[in-house]
Structure formats: structure tokens, C-alpha cells
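What follows is one structure encoded as C-alpha cells, with my remarks underneath.
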Amino acid sequence: MRMYDLIYTKKLGGALSPEEIAFWVKGAAEGSIPDEQSAALLMAICWRGMGTEETLALTLAMRDSGKRLDLSAIPGLKVDKHSTGGVGDKTTLILGPIVAACGVPCPMFSGRGLGHTGGTVDKFAAIPGLRVELSEAGFLRSLRETRFANSAQTADIAPADRKLYALRDITATVESIPLITASIMSKKLAGGADALVLDVKCGPTAFMKTLDEASTLAQSMVDVGTAHGMQIRALITRMDAPLGWAIGNALEVMEAVEILRGEHGDSELAQLSFRLAAEMLIMGGAADRLEQALGMVRARLQDGSALETLRRFVALNGGDPGALDDFGRLPQPGQVVEVRADREGYVAAIDGRALGLLAMDLGAGRKDRSDVLDLGVGIRVRARVGSKVAKNQPLFTVYAKRGVLVAPGPFLRTLELVPEPTAGRAWLLKTINC
Ligand code: URA
Numbered sequence: 007m008r009m010y011d012l013i014y015t016k017k018l019g020g021a022l023s024p025e026e027i028a029f030w031v032k033g034a035a036e037g038s039i040p041d042e043q044s045a046a047l048l049m050a051i052c053w054r055g056m057g058t059e060e061t062l063a064l065t066l067a068m069r070d071s072g073k074r075l076d077l078s079a080i081p082g083l084k085v086d087k088h089s090t091g092g093v094g095d096k097t098t099l100i101l102g103p104i105v106a107a108c109g110v111p112c113p114m115f116s117g118r119g120l121g122h123t124g125g126t127v128d129k130f131a132a133i134p135g136l137r138v139e140l141s142e143a144g145f146l147r148s149l150r151e152t153r154f155a156n157s158a159q160t161a162d163i164a165p166a167d168r169k170l171y172a173l174r175d176i177t178a179t180v181e182s183i184p185l186i187t188a189s190i191m192s193k194k195l196a197g198g199a200d201a202l203v204l205d206v207k208c209g210p211t212a213f214m215k216t217l218d219e220a221s222t223l224a225q226s227m228v229d230v231g232t233a234h235g236m237q238i239r240a241l242i243t244r245m246d247a248p249l250g251w252a253i254g255n256a257l258e259v260m261e262a263v264e265i266l267r268g269e270h271g272d273s274e275l276a277q278l279s280f281r282l283a284a285e286m287l288i289m290g291g292a293a294d295r296l297e298q299a300l301g302m303v304r305a306r307l308q309d310g311s312a313l314e315t316l317r318r319f320v321a322l323n324g325g326d327p328g329a330l331d332d333f334g335r336l337p338q339p340g341q342v343v344e345v346r347a348d349r350e351g352y353v354a355a356i357d358g359r360a361l362g363l364l365a366m367d368l369g370a371g372r373k374d375r376s377d378v379l380d381l382g383v384g385i386r387v388r389a390r391v392g393s394k395v396a397k398n399q400p401l402f403t404v405y406a407k408r409g410v411l412v413a414p415g416p417f418l419r420t421l422e423l424v425p426e427p428t429a430g431r432a433w434l435l436k437t438i439n440c
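Here the sequence shown stands for residues 7 to 440, numbered as in my numbering.
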């Protein structure tokens, strides 16, 4: 088999066989196929696409490039969640402990942030002492003792994805539905969960800008999961404004804890987290209907057991659970600057992508994979879409490194202020079940 022929076939829009796909993935991961040939094939896939059979074969080849976690020693259906990434998305920190407190084991592997979007691993890393790279034994122990485990993806899970993703990142080939499907689903299938809820983000801040694109991606992932015996369903949710008030790692831990304490219960972030948790409870067999599952979520918040599960997870994995009660023990910024409205109006839109990039510039996110984060910096967004703003009202609190000059202009430009009230917006755009 020659890699040249695979590239040529795909360039002309032909389909690759499972054997050809397996040959490419194995060669790319081992280094026997040069990066320029893999990059050429990736670009051809971006333009020509892949059929369902090809996407399935690519997912399997990537899954089988590494280890598969065996969770069979943990009783019950294990349920995972994946979000395609957004600004201020800290749902894992909220729903993981809730689902676990309801009795459903929740094994989760997470990523680090890059560019305008944050990563769950970085958010957990803001809790002093917490180990965010668990060994397999540590992961299983956490799942057994707290029913919740979260760790950075280990190097031996789908290593072909690591290699191909790095190439996609530098060749403008990330935004391809079959490539995203195979990348996400290979890791999820290798992670060993029985069921998966997907939160596919849709909007200007997300990979998928339109409902059509987001639906196609969601259906593609649902099809691949179903074909491999995974229970899977997807929510398509809006991603334009940041999710919640916090952008930045320690700040996002604070907001997640506040929601677990029962505060901000009607915010979009809380509603999304509770809905995802409820879907997980239904898939895990703990509830039959959505209302019943949402009732279980509310009960675990009210009796404090969801927050207590997070404390136990943190303590078991070397972290300081006291930091969840005393936020002064979380990483702190060097300075705090208020940005105030320069005029009055109603908030018609908030540019989450621009705020994500501003948070990255403050040191909360990475421009480059090797960047070291400042876990205490970030942005508190004090306005919501639809809210009325008076002149001089604080709109953003900026938590920055000492000595950094914080100019208000770039922050104010992320808000669109209009003279008339704007209509409310739905956060849930569509659901897709298997
Ligand atoms: N997240 C992934 O893990 N892979 C992609 O291709 C896109 C988002």
C-alpha cells in the first residue's frame, strides 16, 4: 500500500477502505508515514469529506492506536459527557459531582485549554494540590471511592489522535466533521464509559457556526457511538456569550462551587449543567424521565451531597478541599481592575470569543501549547445578554498580573449595547437521541 495512492484517491473524492485508513493511522502514529503526506490527506479529507463507513473506520483505527480503559470492575453503567468547547464552560466541575452524588459513576478525561477556549484540566489545576494527571490505578480508585474521576488524557489513550490533532492544528484542518468525530469518539470509546452525553456548541464562538453544521456533527458522533454499542445522545446548545460570569481558572472553580451551593440556580450555566446531568442520570439508569432526573439533581444540591462529593474527590486526589469553602486559598490575581460602562443601553450581544482571547492575553489561557498559565487571572463578566446597563456601571472585573496595564476599550468593545430591550434567547437549540 502506498500513502500516495490514498492521497490521490481522496483528492478525487473517492472513498478509502478500512485497511487503507488503518495503514495511514498506524503509520502516522509510528512515524513511518511522513507528516507532509498525512497533512495532504487531512486537507483532502477536509475538502472531500468522508462517508459514514470511512468515519467509523477512522475512529476505530485511532481508538486502537493505544490502550482501552477497562472499567468493568466498577459496578453500574458508567456515564461520560463531552463538550465541543466554549468560553467559560465549567459544566464538568458542576455535573460530575452531581451525577456521582446521585449514584451514577462518572469517569471523565479532559483536555487543557488552547486559544480562546479554556480546558477543564486547567480549571481543576487551580485547586491547590489537586492531581490532574491520574494514573490508571488512581483514576479507578477515584471512581470507586467517590464515583467521580477526572484526569488529563493519558499519553497511551488514542496516541494517533494526539499526532494527527497536532498536524491539524498547524494546517488549518481542525474544522472537518469526520475528523472531529473520529478525534473525539476515538478517545471516548477508549475511555471505557458505557454511555455519553454530548454538548455540541453552536454559534460564532464555537467550531460549528450554524445549527445545520452542529446537527451534522452531533449526528455523526451519535452514529459512531451507536455503531460501537455506546448509549449516546446529544444536546446542541448556543455558544456566543461566555457561559456564566467567570472566565479564568480559579474564578471558574468559584462559580462552579457557587452553583453546587445552590446559588445562581436559574442562570444559563446552571440550567445547562443540570440538564446535562439529568440526561446522564437517565442514561445511567437512575431515572426514567427528565423531570424526575432534574428533581434528583435539585435534591443533591439542596442536601449538600453534590458539593461534598467534589470535596471528597479533591481530598482523595491530593487537593485542598478547604479551598472550596475559602476562596482565599485559591490562586489570587496581582491586581483587580473595574471596567465601567461608558454609556447606557441594553446588552444585545457579548462576544465570548473576544473575551476568551482577552482572558488568554491576561495569562488565563494558552497561545501556544507550551505556555504556563496564571491560574488566578481572568474576567468576571457582570452583564448578561438582555440586561439594562447604566452609565458608569461596572461591566467587567479584570483580574490581572501585577503591573499589567488594563485598558478598558477592548473589554467594552465585546459588548453590543442598543437603545431598546432585546428579546430573550433559548440556550438549548436541539436534542438528538440515538
Ligand atoms: N476536540 C477534540 O478532541 N478533537 C477535535 O477534533 C476537536 C475538538
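Note that beta-carbon positions come from the ideal geometry of N, C-alpha and C, so glycine has one too. Quick caveat, the model's predicted, so the values are computed rather than measured.
Flag Val127 as yes when its Cβ comes closer than 7 Å to any non-hydrogen atom of the ligand URA, and as no otherwise. For the purposes of this step, residue 127 is taken as residue 121 along the sequence shown, with counting starting at 1. No.
Closer than 8 Å is the cut-off here; do at least three beta carbon pairs connect the region 241 to 248 with the region 68 to 79? no
Helix, strand or coil for Gln341 per DSSP? For this step, residue 341 is matched to residue 335 along the sequence shown. Reduced to three states, the DSSP call for Gln341 is strand.
For Arg54 and Lys17, I'd like the C-alpha separation in whole angstroms. Residue 54 sits at position 48 when you count from the first residue of the sequence shown. Residue 17 sits at position 11 when you count from the first residue of the sequence shown. Cα to Cα, the separation comes out at about 7 Å.
Pick helix, strand or coil for Thr232, following the three-state DSSP scheme. Walking along the sequence shown from the start, residue 232 turns up at place 226. Thr232 falls in the helix class under three-state DSSP.
Judging by CA-CA distance, which residue of Ser44, Val345, Gly19 is the nearest neighbour of Asp175? To locate residue 175, count along the sequence shown from 1; it is residue 169. Residue Ser44 is the option with its Cα nearest to Asp175.
Sorry if obvious, but does the Cβ on Arg91 come closer than 7 Å to a heavy atom of the ligand URA? Within the sequence shown, residue 91 is the residue found at index 85, counting from 1. Looking at the sequence provided, one finds Gly at residue 91 rather than Arg. Yes; taking the cut-off as 7 Å, the Cβ of Gly91 has a heavy atom of the ligand URA nearer than that.
The ligand URA and Ile438: does any heavy atom of the ligand fall closer than 7 Å to the residue's C-beta? Translated into the one-based positions of the sequence shown, residue 438 becomes position 432. Because no heavy atom of the ligand URA lies under 7 Å away, the Cβ of Ile438 does not count as near it: no.
Collapsed DSSP secondary structure at Leu173 in the structure displayed: Counted from its first residue, the sequence shown places residue 173 at position 167. It is helical.
Quick one: does the C-beta of Val180 sit closer than 7 Å to a heavy atom of the ligand URA? For the purposes of this step, residue 180 is identified with residue 174 of the sequence shown, where counting begins at 1. Val180 Cβ: within cutoff of the ligand URA.
For Phe154, which residues does DSSP report across the bridge? Taking the sequence shown and counting its residues from 1, one reaches residue 154 at position 148. Partner(s): Cys112.
Between Glu264 and Gly340, what straight-line distance do the alpha-carbon atoms span, to the nearest angstrom? The sequence position of residue 264 within the sequence shown is 258, counting from 1. The sequence position of residue 340 within the sequence shown is 334, counting from 1. The alpha-carbon atoms of Glu264 and Gly340 are separated by roughly 23 Å.
Hey, Lys87 and Val230 are a contact pair by Cβ (cut 8 Å); roughly how many whole angstroms apart? Residue 87 sits at position 81 when you count from the first residue of the sequence shown. Residue 230 sits at position 224 when you count from the first residue of the sequence shown. Rounded, the Cβ-Cβ distance is 16 Å, inconsistent with contact.
Start and end of the beta strand (DSSP E) containing Asp86? Taking the first residue of the sequence shown as 1, we reach residue 86 at position 80. Asp86 -> beta strand (DSSP E) spans 85 to 89.
Is the distance from the Cβ of Gln237 to the Cβ of Met289 below 8 Å? The residue given as residue 237 occupies position 231 in the sequence shown. The residue given as residue 289 occupies position 283 in the sequence shown. For Gln237 and Met289, yes; Cβs fall inside 8 Å.
Could you tell me which of Lys194, Ser38, Leu278 sits nearest to Ala432, measuring between CA atoms? Counted from its first residue, the sequence shown places residue 432 at position 426. Comparing Cα-Cα distances from Ala432 to each of Lys194, Ser38, Leu278, the minimum goes to Leu278.
Anticipated Cβ contact below 8 Å, Met9 with Trp30, distance rounded: Reading the sequence shown from its first residue, position 3 is the one you call residue 9. Reading the sequence shown from its first residue, position 24 is the one you call residue 30. Confirmed, Cβ separation roughly 7 Å.
Run the proximity test for Ile190: is its beta-carbon closer than 7 Å to any non-hydrogen atom belonging to the ligand URA? As a working mapping, residue 190 is identified with position 184 in the sequence shown. Checking every heavy atom of the ligand URA against the Cβ of Ile190, one is found closer than 7 Å.
Contact set for Gly119: own chain, Cβ-Cβ below 7 Å, skip 5 residues either direction: Here residue 119 is taken as the residue at index 113 of the sequence shown, counted from 1. Within the same chain, Gly119 has close Cβ partners Gly125, Asp128, Gly371, Arg372.
Closer than 7 Å: is that where the CB of Ile186 sits relative to any heavy atom of the ligand URA? The sequence position of residue 186 within the sequence shown is 180, counting from 1. Yes, Cβ of Ile186 sits closer than 7 Å to a heavy atom of the ligand URA.
Where Gly291 and Ile39 are concerned, what is the direct C-alpha to C-alpha distance, given to the nearest angstrom? Within the sequence shown, numbered from 1, the residue matching residue 291 stands at position 285. Within the sequence shown, numbered from 1, the residue matching residue 39 stands at position 33. Straight-line Cα distance between these residues: approximately 45 Å.
Who are the near neighbours of Gly254 in its chain, counting only those whose CB is closer than 7 Å to its CB and skipping five residues on each side? Here residue 254 refers to the residue found at position 248 when the sequence shown is read from its first residue. The residues are Ala365, Ala370, Val383, Gly384, Ile385, Tyr405.
Spatially closest choice to Val110 from Asp95, His122, Gly121, Lys84, by CA coordinates: In the sequence shown, residue 110 corresponds to position 104, counting from 1. When only C-alpha atoms are compared, the closest one is Lys84.
Assigned secondary structure, Met214 (DSSP; H/G/I helix, E/B strand, else coil): Sequence index remark: in the sequence shown, residue 214 carries index 208 (1-based). Residue state, collapsed to three classes: strand.
Bridge partners for Gln237 per DSSP, in chain order? Residue numbering aside, residue 237 sits at position 231 when the sequence shown is read from its first letter. Looking at the DSSP assignment, Gln237 forms a beta bridge with Ala201.
Please identify the residue among Lys169, Gln225, Phe145 whose C-alpha is closest to the C-alpha of Lys32. Along the sequence shown, read from residue 1 onward, the residue named residue 32 stands at position 26. Of Lys169, Gln225, Phe145, the residue nearest in Cα terms is Lys169.
State the DSSP-derived secondary structure class of Thr126, mapped to helix, strand or coil. Position 120 of the sequence shown, counting from 1, holds the residue named residue 126. In this structure, Thr126 counts as helix in the three-state DSSP scheme.
For Gly447, count neighbouring Cβ atoms within 10 angstroms of its own Cβ and tell me buried if that reaches 16, exposed if not. Missing from the structure shown is residue 447; the chain here goes from 7 to 440 and no further.
For Gly325 versus Pro134, is the C-beta distance shorter than 8 Å? Mapped onto the sequence shown, residue 325 falls at position 319. Mapped onto the sequence shown, residue 134 falls at position 128. Contact flag set, yes.
With H, G and I counted as helix, E and B as strand and the rest as coil, what does DSSP make of Val32? Residue 32 sits at position 26 when you count from the first residue of the sequence shown. One detail in the question is off: residue 32 reads as Lys in this sequence, not Val. Here Lys32 sits in helix by DSSP.
The ligand URA and Tyr171: does the residue's C-beta get closer than 7 Å to at least one heavy atom of that ligand? Translated into the one-based positions of the sequence shown, residue 171 becomes position 165. Tyr171 Cβ: within cutoff of the ligand URA.
Between Glu314, Gly328, Leu423, which lies nearest to Glu151 when the distance is taken from Cα to Cα? Start at 1 with the first residue of the sequence shown, and residue 151 comes out as number 145. Ranking Glu314, Gly328, Leu423 by Cα distance to Glu151 puts Glu314 first.
Residues near Ala321 in its chain [Cβ-Cβ closer than 8 Å; skip 5 each side]: Translated into positions along the sequence shown, residue 321 becomes position 315. Here the set comprises Pro327.
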